[in-house]
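Colleague: Can you keep this structure in mind? I'll have questions shortly.
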Amino acid sequence: MLENMLIIDAHIHIHECFDIEKFFDFAWDNFQYQAVKLQAGSFTGVLCLTEKSGTDVFGTLEKIAAKQEKTGDWDIRFTEEENSLLLSKNDFRMIVIAGRQIVTSQKLEVLAIGLKQDVEDGKPIEPILAYVVETGAIPVIPWGFGKWFSGRRKIMEKIISQKKYPFFLGDNGNRPWIFTKPRLIRKAYKNNILNLPGSDPLPYCREIHKPGSFGLYVEAGINTDKPFESIYQVLTTGGQPETYGKSEKIYFFLKNQISIQLAKRNRK
């Protein structure tokens, strides 16, 4: 039996269409399901927010904590860090880490796990990576359908081979099962660039079940007063964590892609 397990979903969006209480309930159910599979004696689930520019769900959760209110049956409490919150429900416990998703001028994305302040989109990827590292956050370049092809693939290969800055790649729960694990993730591993995967819920009501369903786990303790500090230490000083989760079914992958393309057309 494994003790002191951290189970982490490293790519989380809480969209306006989601009921936050149900979102946390689904996250807990998914973390608990994984813990049972791992025969974990005790565990802590961690949700790493990756909020787009102009959104601030973490700030909303902070306001709830300041008023000592609840989100449904979930208590939200401050920690000793400005970029983490502790959630509890009965004997259940989860950590929420602040974070940002930044779109580069090359239309690649950089996740900044642990970064609370908003960041303007549109700058080249290397200055963004440098900035995220400077802030003390964890930079992750996530997989996205079509993101790592053609010219952007060459950019990624250059960044991986040069490795000017410490960063991670991130597999994604939206990757369809018929796609094998991306070659760039395998190539990066040979250069000691590790994989921090996450579920990446899309902005559709049906996606509310995803949090906690795709991610990584590591046998380690956590200081609930300073959870981000604990997680940062574990992820940046150890080897590749074990990963978990099933890739997306092709039907839902195609359905999501159609929805994304229709939304883009409607914005024009």
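Using our numbering, read the sequence shown as starting at 5 and increasing by one per residue.
Using N, Cα and C, we set each Cβ at its ideal position, and we do this for glycine too.
A quick note: this is a predicted structure, and the numbers were derived from the prediction, not measured.
Can you look up Q105 in the DSSP assignment and give me helix, strand or coil?
Modeller: The residue you call residue 105 lines up with position 101 of the sequence shown. Three-state DSSP puts Q105 in a strand.
Colleague: By how many angstroms is the C-alpha of M9 removed from the C-alpha of M98?
Modeller: Taking the first residue of the sequence shown as position 1, residue 98 is located at position 94. Taking the first residue of the sequence shown as position 1, residue 9 is located at position 5. When rounded, the distance between both Cα atoms is 12 Å.
Colleague: Is there contact here, the region 116-124 with the region 69-78, by at least three beta-carbon pairs under 8 Å?
Modeller: Flag = no, the region 116-124 and the region 69-78 do not touch.
Colleague: When burial is assigned at 16 or more other CB atoms within 10 Å of the CB, is S154 buried or exposed?
Modeller: Here residue 154 refers to the residue found at position 150 when the sequence shown is read from its first residue. S154 comes out exposed.
Colleague: Suppose you measure from the CA of E129 to the CA of R210; what does that come to, to the nearest Å?
Modeller: Locating residue 129 in the sequence shown gives position 125, where the first residue counts as 1. Locating residue 210 in the sequence shown gives position 206, where the first residue counts as 1. It is Ile, not Glu, that sits at residue 129 in the sequence shown. Approximately 32 Å between the Cα atoms of the pair.
Colleague: Does M21 pass the burial test, meaning 16 or more other C-beta atoms within 10 Å, or should it be called exposed?
Modeller: By one-based count along the sequence shown, residue 21 stands at place 17. As written in the sequence, residue 21 is Cys, which differs from the Met given in the question. Exposed, by the Cβ-count rule.
Colleague: Do F27 and I18 come within 7 Å of each other at the CB atom, strictly closer than that value?
Modeller: For the purposes of this step, residue 18 is taken as residue 14 along the sequence shown, with counting starting at 1. For the purposes of this step, residue 27 is taken as residue 23 along the sequence shown, with counting starting at 1. Taking 7 Å as the Cβ cut-off, I18 and F27 qualify as a contacting pair.
Colleague: Reducing DSSP to helix, strand and coil, say where C21 ends up.
Modeller: Position 17 of the sequence shown, counted from the first residue, corresponds to residue 21. Of the three classes helix, strand and coil, the one that applies to C21 here is coil, per DSSP.
Colleague: Using a Cβ-Cβ cut-off of 8 Å (strictly less than) and excluding sequence neighbours within five positions of D23, which residues of its own chain qualify?
Modeller: One-based indexing of the sequence shown puts residue 23 at position 19. Correct list, in chain order: I212.
Colleague: Since I believe W181 is in contact with K250 (beta carbons under 8 Å), could you give me their beta-carbon distance rounded to a whole number of angstroms?
Modeller: Taking the first residue of the sequence shown as position 1, residue 250 is located at position 246. Taking the first residue of the sequence shown as position 1, residue 181 is located at position 177. The Cβ separation is near 7 Å, so the contact holds.
Colleague: Would you call E113 buried or exposed, if buried means 16 or more other Cβ atoms sit within 10 Å of its Cβ?
Modeller: Translated into positions along the sequence shown, residue 113 becomes position 109. Per the 10 Å Cβ criterion, buried.
Colleague: Identify the continuous alpha helix (DSSP H) that holds E84 and give its terminal residues.
Modeller: Walking along the sequence shown from the start, residue 84 turns up at place 80. Element bounds for E84: n/a, residue is neither H nor E.
Colleague: State yes or no: is the C-beta of L133 within less than 7 Å of the C-beta of Y169?
Modeller: Taking the sequence shown and counting its residues from 1, the one referred to as residue 133 is at position 129. Taking the sequence shown and counting its residues from 1, the one referred to as residue 169 is at position 165. The answer is yes: Cβ separation under 7 Å.
Colleague: If I measure Cβ to Cβ from T108 and keep anything under 7 Å in the same chain, skipping five residues before and after, which residues do I get?
Modeller: To locate residue 108, count along the sequence shown from 1; it is residue 104. Answer for T108: V114, K127, P128, I129 and I132, listed in chain order.
Colleague: For V137, does the three-state DSSP call read helix, strand or coil?
Modeller: Mapped onto the sequence shown, residue 137 falls at position 133. It is helical.
Colleague: Can you give the beta carbon distance from G308 to A31, rounded, assuming they're within the 8 Å contact cut?
Modeller: Only positions 5 to 272 of the chain appear in the structure, and residue 308 is not among them; the question remains open.
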